[in-house]
Structures are given as structure tokens and as C-alpha cells.
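Per the numbering used here, the very first residue in the sequence shown carries number 35; after that it's consecutive. Backbone N, C-alpha and C fix where the C-beta goes; we use that ideal spot for every residue, glycine too. Contents: one structure, followed by commentary.
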Amino acid sequence: MSHHPAAAATPAFFLDAPDRSMVDSTLDDVRESLGMEVAYLSEFQGNRAVFRAVSAPGLEAMIKPSDSMDLREVYCKHIIDGNLPNLMSDTSQHQIAVDLPITQMIPIGSHLSVPVRRADGSVFGMFCFLSRTARPDLGADALALVEARAAAVSARIAHHA
Numbered sequence: 035m036s037h038h039p040a041a042a043a044t045p046a047f048f049l050d051a052p053d054r055s056m057v058d059s060t061l062d063d064v065r066e067s068l069g070m071e072v073a074y075l076s077e078f079q080g081n082r083a084v085f086r087a088v089s090a091p092g093l094e095a096m097i098k099p100s101d102s103m104d105l106r107e108v109y110c111k112h113i114i115d116g117n118l119p120n121l122m123s124d125t126s127q128h129q130i131a132v133d134l135p136i137t138q139m140i141p142i143g144s145h146l147s148v149p150v151r152r153a154d155g156s157v158f159g160m161f162c163f164l165s166r167t168a169r170p171d172l173g174a175d176a177l178a179l180v181e182a183r184a185a186a187v188s189a190r191i192a193h194h195a
């Protein structure tokens, strides 16, 4: 997995303190509610996913804010393009996910992700949750929760993006 600090030429993502706090607490709340191990808000910049907010207790060495990855190496772009579903309760059931090296490296057994949009409707990035084990209990209710909370985050970002 090729984590890289965000490029210096990349404009810094900015949220004021109340909005930053809302994003952080939303990631924590949803991650805990779903029993997932990692949650993050990413921003797409060029061909990279830049991690803007992260909730991953005990896994901070694996992922932290301002790290970035090539969009081809993560699920996000495949989900936006419609080649992977927003909810994968078992990533081993999806060939594209199986073929991505990140799936085995972390490992990722289950993944739930929805787009976060700017005011103009364009994709800002993704609101993602993952677990290292398959989670057959995740279903439509989990996806609806993440979609609702991502919409709230989108509204905050729309003020700043």
C-alpha cells in the first residue's frame, strides 16, 4: 500500500472547528454503531484519495489524516464508477475487491462507502467504513445510516468547498 503525505501543492482542505468536530464525531458514532474498525472521510484530488478525517482506534499507524493513496488502489473509484457496490458485507464475493492488493494487506473483509458531494453535485470524496472481517449482518439499514450521515457531512462541506 503506497501511503503518501498530501502533496505540498495541494490546497489544504479546511473546515472550521464546529464542522471539523461534527465530521469527527460522525465518523466515530457511525463506526461504533456499525461495529467497524476504520472510518474515514476522503477527498479526491486528481488521481489520489486524500484522507481528511479518520477514526481508527488502535490502527493509527495504518491510516491517518493527510495520508493519500492512488485511486486505482482503493475501492472508492470503483464504487463511484459502478463497478463495486456501496455495501460489501464480504469483500471476497467481489472479484475487483479481491484483486486489489489493499484487500489482503489490511485485510478488508467488509466495506461500506458512499460519496460525499459538493454543493454543485460533484463528488468531493467518500465516507467509508471497513472491518477486517466479513460482516454478513450488514445490510440495508447500515447503508441507509451511512447515506444519511454522509448527506449531513456533505451539507457541512458544501459551506467550505
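If we call anything under 9 Å between Cβ atoms a contact, is SER147 one with TYR109?
Residue numbering aside, residue 147 sits at position 113 when the sequence shown is read from its first letter. Residue numbering aside, residue 109 sits at position 75 when the sequence shown is read from its first letter. In contact: SER147 and TYR109 (Cβ atoms closer than 9 Å).
Do you know whose CA, among THR167, ASP104, SER165 and ALA131, lies nearest GLY116's CA?
If you number the sequence shown from 1, residue 116 lands on position 82. The candidate whose alpha carbon is nearest that of GLY116 is ALA131.
On the DSSP bridge list, what partners appear for ARG183?
Taking the first residue of the sequence shown as position 1, residue 183 is located at position 149. DSSP output for ARG183 lists no bridge partner at all.
For PRO149 and MET56, the rounded distance between their alpha carbons
Position 22 of the sequence shown, counted from the start, is the residue given in the question as residue 56. Position 115 of the sequence shown, counted from the start, is the residue given in the question as residue 149. Looking at the two C-alpha atoms, the distance is approximately 17 Å.
Own chain partners of THR137 with C-beta closer than 7 Å, once the 5 adjacent residues on each side are dropped:
Locating residue 137 in the sequence shown gives position 103, where the first residue counts as 1. Excluding positions up to five away in sequence, the list reads THR125 and ALA131.
Alpha-carbon to alpha-carbon, ASN81 and GLU71:
Here residue 71 is taken as the residue at index 37 of the sequence shown, counted from 1. Here residue 81 is taken as the residue at index 47 of the sequence shown, counted from 1. For GLU71 and ASN81, the distance between alpha carbons rounds to 26 Å.
Applying the criterion that 16 or more other CB atoms from any shown protein chain within 10 Å of the CB defines a buried residue, is SER59 buried or exposed?
As a working note, residue 59 is residue 25 in the sequence shown. Flag for SER59 reads exposed.
Going by beta-carbon coordinates alone, are LEU105 and ALA87 separated by less than 9 Å?
Taking the sequence shown and counting its residues from 1, the one referred to as residue 105 is at position 71. Taking the sequence shown and counting its residues from 1, the one referred to as residue 87 is at position 53. No, these two residues do not count as a Cβ contact at 9 Å.
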